[in-house]
Amino acid sequence: MTGGVGMGELQALAPLLVVTGWAALLLLVSALAGGRSLRLGPLALCGLLLALAAVVWDWRLVGAGGQVLFGGLAVSDRFALFLDALLLLAGSLTVLISGAYLDEHGFADDAYFSLLLLAISGMMLLVHATSLVMLLIGLETMSLAIYALVAFWVGKATSAEAALKYFVMGAVASAFLVFGVALIYGVTGATGYRALAEAAAQAAGQPLLLLGMVFVLGALAFKVAIVPLHMWVPDAYEGAPTPVTGLMASAVKAAGFGALLRLLATSFAADGLVYGSTGWLNPCWTLAALTMSLGNLAALRQPSIKRMLAYSSVAHAGYVLLGVIAAGLHPGQLAPVLFYLLSYAAATLGALGVVAWIGRREAERLTFEDWAGLARHHPVVALAMTVFMLSLAGVPPTGGFFAKFYLFRAALRDPQLVTLVVIAVLNSVVSVYYYLRPVVAMYFQDGVAQPQPLARPGVYAMLGLALALVLLLGLLPGVPLDWALHAQLAR
Amino acid sequence: MVPTSQVLGLAALLFCIGLAGVIVRRNLLIVMMSVELMLNAANLALVGFARVRGDLEGQGLAFLIVALAAAEAAVGLAIVVSVFRSRRTVYADEVTLLRR
Amino acid sequence: MSSALMSSALMSSALMSSAMWSNPVQWAFWLLGGLALLGALGTVTRRSPVQAALFLVLTLVATGGLFLVLHASFLAAMQVLVYAGAVMVLFLFVVMSVSHTEGETLGLAQGTVGKLIGLAAVGVLGHQLLRVCLTVGDGTSVGAALPGGFGDVRSLGRWIFSRYLLPFEAISVLLLVAIVAAVAITRRPPRGRAEGEG
C-alpha cells in the first residue's frame, strides 16, 4: 500500500469515521449557535446510533476473516466490531444520562458531547489498531479526551485535582508506552503486529525486547487498572462526573482490554514469549490474582458507594485479565471475555446510573446512610439497583452470573489456570458481601429524609435500558453470545 | 560513527532523569516538564534506531510523537490552570465565609 | 547506591570500548549528549519553574543537534521549531501566569521516605535499563550505509504521506481533541455558581 486510500478501507472503518465526523459536526453546531447553550445530547445520540448501524453493516461486509487496512496499520474484524458495538452502546447510555446530569450540576457545556464522541473514537481506534503506532495514537486520543471529561466539572476542586493526578500518572504511562514502542521497534524493526509476531518470536528472551514488552504492556495495564497500577482509580472515579465514571468503568476498560488481548494473541503469541521465566503468562497470572483479591478487599472497606464501585471495577479487571490470559493462550476462544466485558459494562453503567440519579446539586448522596430506606419511596429503582448489584456479584439470573460462569468454565479447560479460577471464584463469593451493602441499606434500614432524586426521562431511559440489557444477558444469552462466538481476530 | 549502545544509554539516562523528576518534584509545572523529558528521551531512542536500521519508520514515529507530546502538554497545562483556578475559588469561598 | 555505581562503571566501560575518539561525529555526539544531560538535570533540580523551563529548552535544542548527528535533519528542524519553540513558549506562558501564586503543589511520592523509595525504584529501573542499553548491539556502530537524503524533508514526507497516512490523519484528530479539551477545561465556572457566591 503506497499512497491513496481505497473506498473499501474507508467502508471497513465506517463506524470510526462516523463517530469522529459526528464529533466535528457537534463542534460546528455549537459554534454556529454562537454562545447559546444547546442541548446536544439527542444529536450526539443520533451519531452513536448511526455508527451502530455502520457496525452492523460492516459486520457483514468484512466477513469472518476480517479485513486488513492501510498496509497492516489497522484491521476491521468482527472482534473489533463487537467491541465497537459495546463502546457505542456504553456511549449511548452515557449520553442518555449526561444531559440531565449536566443540567442538574450546572456545568452544561456543548464541548462535553464532542469530547465524549472523540473519546469513543479514540477507543475504537484502539481496538482496530494492529500496529504499535495506531495503538499509541488511539490510546492517547482516548486518554486526553477522558482527562478533559474528568476535569469537566469546572469549579469543583476534587474534579480538577482528580484529573490532575490521573493526568500525571497517565502521562508517565504514555511515556513508558512510547519508550517501550521505541525499544520493540529497535529490536525487531517492526511496529505492525503481524511483522512483529515473527520478529519477536525470533528475538524472544532478548533483554531489550523484554523491557519493551514490559513497558508497553504496563502502560496498557495502567489504563485498565491492573493492581500495582490502579492507585489512580478511586480518586479519578470519585472526582469525575458520574456519567464519565460510568464511561471509564465500561468503555475505557473494554477498549483497553481489547487492545491488550489483540497484542498478546497476535504479536506476543510465540511460545518463547508466553512461557518460561521471561514470558508474560506467569506475571499476568500473578497480577490477575492480585488484582481481583486486592480490589475486592479494598472495596469491602469503602464508605462511599462511588468509591466502592471504583474498587469493584478493579476487581472485575482481575476477572477480565483471567479471561484475557485464557483467550491469549487459545486465540480461537474470544467469546467468554467479550461476553464478560459486555455484561460488566451493562451492570456497572446501570449501578453508576443509579448513583447519578440519586445525587442532586446540593448533595451527591454517596454514603450508604444516604441510601437508607430508598426502597420504600422508589421501589422500582431500588429493584433495578439490586439487579445491577447481583449482576456485579455474579448471582443468577443476571448477565453477570452467566458471564462469570462462562468465563470460568472456558478458563478451566487450561490446566495452568485452574488455581486462578479457584481464586476468582473465592473472590466472587467475598464480593457478594459488599455488593449487598447498598441493597441492605435500601431495603432494611430506615431513611432519615425522603430523597428527591433526579427524575428526568433521560435518566429513566438509561436505567431501563441498562436493566433490560443485564436481564437479557442473563435470561436470553443466546443471541449476544452467538455474536461473540462469531467475533474472531483477523489472522 | 556513534555506537548504538551510547545513543540508547543516553536516551535511557534522560528517561530516568525525567522519571525521577516526576516522582520527586512537587511543583506541577516541573512535573509536566519532566514528562516532556521522558517523551524526548523516547524520541532520541527512536531516531537512534532509525539510524541503525537505515529505516525511516523510526523517524516517522518520532515525528508523530512530537505532535503527541505537544497535544499532551496542551491538555496537561490546561488542567494545571484549572486546578490553580479552582483552588483560588476555594480560597475565595473561605474568605467570604470569614467575612460573614 | 550500588546500582548507580555499577551503572556508571558500565557507562565508562562503554566509553572506553569505543576507540573512535578521533572522530568529530563522536565528539559532537558527546558534546550534545552532555548538554542534553546537563539540561535534564537542571530541569529536575531547579527550584524556579522558569529556570527549569530554560534548562529544558537546552535539552530540547541539544536533542535537536543529536538528531542532526543521527541523520534526521527534518526532525531536528521540527524539534527546535515545534518543541523548543512552540511547546516551551506555552510552558513559559503558564509558568508566568500561575506560578507566582502557588509553589509546591503535587507530590506523587509523599514525604521523605516515599521520595527515597521512589528514587530507589527509579535507580533500580535505570540500572536495568542502562545495563541492557549499554550492552546492546555488541559493538555495531550507528554507521550503516544510508541512502542519500535519508531523513530530509523529501524522504520523510514521502514516508509519512504514504505508509503513515492513517496515523497522520489520526494525529490530526488527536490535536482536535487537545484543542477542544484545553478550551473546555479552562472555561470559566458556570453562571449558577458565580451567582451563588455573589
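If you read the protein sequences in the order shown, they are chains C, G and R. Quick note: to get our numbering, add 304 to the position in the first sequence (first position is 1). Quick note: to get our numbering, add 198 to the position in the second sequence (first position is 1). Quick note: to get our numbering, add 6 to the position in the third sequence (first position is 1). The beta-carbon is built from N, C-alpha and C at its ideal position, and this holds for glycine as well.
Less than 8 angstroms between the CB atoms is what I'm expecting for residue i and residue j, so what's the real figure, rounded?
i: Leu-254 (chain G); j: Glu-444 (chain C); result: Actually they do not touch by this definition, with Cβ atoms about 22 angstroms apart.
i: Phe-480 (chain C); j: Phe-519 (chain C); result: 4 angstroms
i: Trp-661 (chain C); j: Leu-758 (chain C); result: 5 angstroms
i: Thr-546 (chain C); j: Gly-375 (chain C); result: Contact flag wrong, Cβ pair sits at about 42 angstroms.
i: Ala-188 (chain R); j: Val-222 (chain G); result: Going by Cβ atoms, the distance from Ala-188 (chain R) to Val-222 (chain G) rounds to 27 angstroms, so no, they are not a contact pair.
i: Leu-564 (chain C); j: Leu-524 (chain C); result: 5 angstroms
i: Leu-678 (chain C); j: Pro-755 (chain C); result: 7 angstroms
i: Trp-589 (chain C); j: Leu-716 (chain C); result: With 8 angstroms as the limit, Trp-589 (chain C) and Leu-716 (chain C) do not qualify as a contact, their Cβ atoms being about 14 angstroms apart.
i: Val-578 (chain C); j: Leu-585 (chain C); result: 5 angstroms
i: Ala-555 (chain C); j: Ile-441 (chain C); result: Between Ile-441 (chain C) and Ala-555 (chain C) the Cβ distance is about 18 angstroms, and since that is not below 8 angstroms, they are no contact.
i: Ile-609 (chain C); j: Leu-696 (chain C); result: The pair is not a contact, with the Cβ atoms about 12 angstroms apart (cut-off 8 angstroms).
Residues of chain R with CB under 8 angstroms from residue i, in chain order?
i: Met-438 (chain C); result: Leu-172, Pro-173, Ala-176
i: Ala-240 (chain G); result: Here the premise fails: no neighbours, minimum Cβ distance about 11 angstroms.
i: Val-222 (chain G); result: Val-50, Ala-115, Lys-121, Gly-124, Leu-125
Beta carbon of residue i: closer than 8 angstroms to some heavy atom of the ligand ZN?
i: Ala-569 (chain C); result: The ligand ZN is not part of this structure, which contains no ligands at all.
Restricting to Cα atoms, I'd like to know which of the options is closest to residue i.
i: Leu-392 (chain C); options: C:Val-366, C:Ala-464, C:Ala-558; result: C:Ala-558
i: Ala-505 (chain C); options: C:Thr-582, C:Glu-313, C:Leu-721; result: C:Thr-582
i: Tyr-648 (chain C); options: C:Ala-455, C:Ala-525, C:Ala-553; result: C:Ala-553
i: Gly-370 (chain C); options: C:Ala-503, C:Gly-312, C:Ala-707, C:Ser-735; result: C:Gly-312
i: Ala-475 (chain C); options: C:Gly-490, C:Ser-447, C:Gly-484; result: C:Ser-447
i: Ala-655 (chain C); options: C:Leu-332, C:Ile-401, C:Leu-568, C:Leu-533; result: C:Ile-401
i: Ile-629 (chain C); options: C:Ala-593, C:Ala-651, C:Lys-610; result: C:Ala-593
i: Val-624 (chain C); options: C:Ala-714, C:Arg-680, C:Phe-471; result: C:Ala-714
i: Val-691 (chain C); options: C:Leu-332, C:Ser-735, C:Leu-740, C:Glu-673; result: C:Leu-740
i: Pro-511 (chain C); options: C:Ile-488, C:Tyr-497, C:Ala-501, C:Lys-527; result: C:Ile-488
i: Ser-79 (chain R); options: G:Ile-277, G:Gly-258, G:Leu-275; result: G:Gly-258
i: Ala-503 (chain C); options: C:Val-729, C:Gly-509, C:Thr-492, C:Gly-496; result: C:Thr-492
i: Ala-219 (chain G); options: G:Leu-212, G:Leu-208, G:Leu-211, G:Val-229; result: This sequence places Gly at residue 219 (chain G); Ala is not what is there. It is G:Val-229 whose Cα lies nearest to the Cα of Gly-219 (chain G).
i: Thr-702 (chain C); options: C:Leu-780, C:Pro-640, C:Glu-666; result: C:Leu-780
Note down, in chain order, every chain R residue with its Cβ under 7 angstroms from the Cβ of residue i.
i: Ala-218 (chain G); result: Val-50, Leu-125, Val-128
i: Ala-452 (chain C); result: Ala-187, Ala-190, Ile-191
i: Val-245 (chain G); result: Phe-73, Leu-76, Ala-78, Leu-81
i: Val-431 (chain C); result: Simply none; closest approach about 14 angstroms.
Could you give the DSSP three-state label for residue i: helix, strand or coil?
i: Thr-202 (chain G); result: helix
i: Leu-373 (chain C); result: strand
i: Ala-239 (chain G); result: helix
i: Gly-109 (chain R); result: Residue placement at Gly-109 (chain R) cannot be trusted, given a pLDDT of 49 that sits under 50; what the coordinates show is reported in the next sentence. DSSP places Gly-109 (chain R) in coil when its eight states are reduced to three.
i: Ile-277 (chain G); result: helix
i: Gly-145 (chain R); result: A caution first: Gly-145 (chain R) carries a pLDDT of 46, below 50, which makes its placement in the model unreliable, though a value can still be read off. In this structure, Gly-145 (chain R) counts as helix in the three-state DSSP scheme.
i: Ala-433 (chain C); result: strand
i: Gly-258 (chain G); result: helix
i: Val-63 (chain R); result: helix
i: Thr-671 (chain C); result: strand
i: Val-338 (chain C); result: The sequence as given places Gly at residue 338 (chain C); Val does not occur at that position. Residue state, collapsed to three classes: coil.
i: Ser-380 (chain C); result: strand
i: Ser-581 (chain C); result: coil
i: Gly-442 (chain C); result: helix
Going along chain G, which residues have a C-beta under 7 angstroms from residue i?
i: Ala-455 (chain C); result: Ile-277, Ser-280
Anything in chain C within Cβ reach of residue i, meaning under 7 angstroms, just list it in chain order.
i: Val-142 (chain R); result: Leu-512
i: Phe-213 (chain G); result: Phe-483
i: Val-229 (chain G); result: Val-472
Applying a beta-carbon distance threshold of less than 9 angstroms, which residues of chain R neighbour residue i?
i: Val-233 (chain G); result: Those within 9 angstroms of Val-233 (chain G) in chain R number zero; the least Cβ separation is about 11 angstroms.
i: Leu-331 (chain C); result: Leu-182, Val-186
Since residue i meets chain G, which of its residues come closer than 8 angstroms, beta carbon to beta carbon?
i: Phe-471 (chain C); result: Val-273, Gly-274, Ile-277
i: Leu-249 (chain C); result: In this structure chain C extends from 305 to 795, so residue 249 (chain C) is not present and cannot be described.
i: Glu-444 (chain C); result: Leu-266, Ala-269, Glu-270
Along chain C, in chain order, which residues have C-beta atoms closer than 9 angstroms to that of residue i?
i: Leu-259 (chain G); result: Leu-436, Val-437, Leu-440, Val-482, Val-485, Ala-486, Tyr-489, Thr-495
Mind pulling the chain C residues with CB within less than 8 angstroms of residue i?
i: Arg-160 (chain R); result: Within chain C, no residue comes near Arg-160 (chain R); the closest Cβ sits about 15 angstroms away, beyond 8 angstroms.
In chain G, which residues lie less than 9 angstroms from residue i when you measure between Cβ atoms?
i: Leu-468 (chain C); result: Leu-226, Gly-274, Ile-277, Val-278, Ser-280, Val-281
Problem set entry | Cβ-based contacts, 9 angstroms cut-off: residues of the segment 265-290 of chain G near chain R | Under the 9 angstroms Cβ criterion, the segment 265-290 of chain G contributes Ala-265, Leu-266, Ala-267, Ala-268, Ala-269, Glu-270, Ala-271, Ala-272, Val-273, Leu-275, Ala-276, Ile-277, Val-278, Val-279, Ser-280, Val-281, Phe-282, Arg-283, Ser-284, Arg-285, Arg-286, Thr-287, Ala-290.
Problem set entry | Members of the segment 660-686 of chain C near chain R, C-beta cut-off 7 angstroms | Contact annotation: in the segment 660-686 of chain C, no residue has its CB less than 7 angstroms from a CB in chain R.
Exercise. Quick one, which residues of the segment 47-60 of chain R are near chain G if we go by CB-CB under 7 angstroms, in chain order?
Worked result: Only those residues of the segment 47-60 of chain R whose C-beta falls short of 7 angstroms from the nearest C-beta of chain G are listed: Leu-47, Thr-49, Val-50, Pro-55, Ala-58, Ala-59.
Problem set entry | Contacting positions in the segment 352-386 of chain C - beta carbon closer than 7 angstroms to chain A | Protein chains in the displayed structure are C, G and R, and chain A is not among them.
For this session: Output, in sequence order along the chain, the residues in the segment 691-717 of chain C whose CB is closer than 8 angstroms to any CB in chain G.
Result: From the segment 691-717 of chain C, no residue has a Cβ closer than 8 angstroms to chain G.
Problem set entry | Residues of the segment 485-501 of chain C whose Cβ lies closer than 8 angstroms to any Cβ of chain G, in chain order | Within the segment 485-501 of chain C, the qualifying residues are Val-485, Ala-486, Leu-487, Tyr-489, Gly-490, Gly-493, Thr-495.
Problem set entry | Interface residues of the segment 36-47 of chain R facing chain C [CB-CB below 8 angstroms] | Taking 8 angstroms as the upper bound on Cβ-Cβ separation, chain C lies near no residue of the segment 36-47 of chain R.
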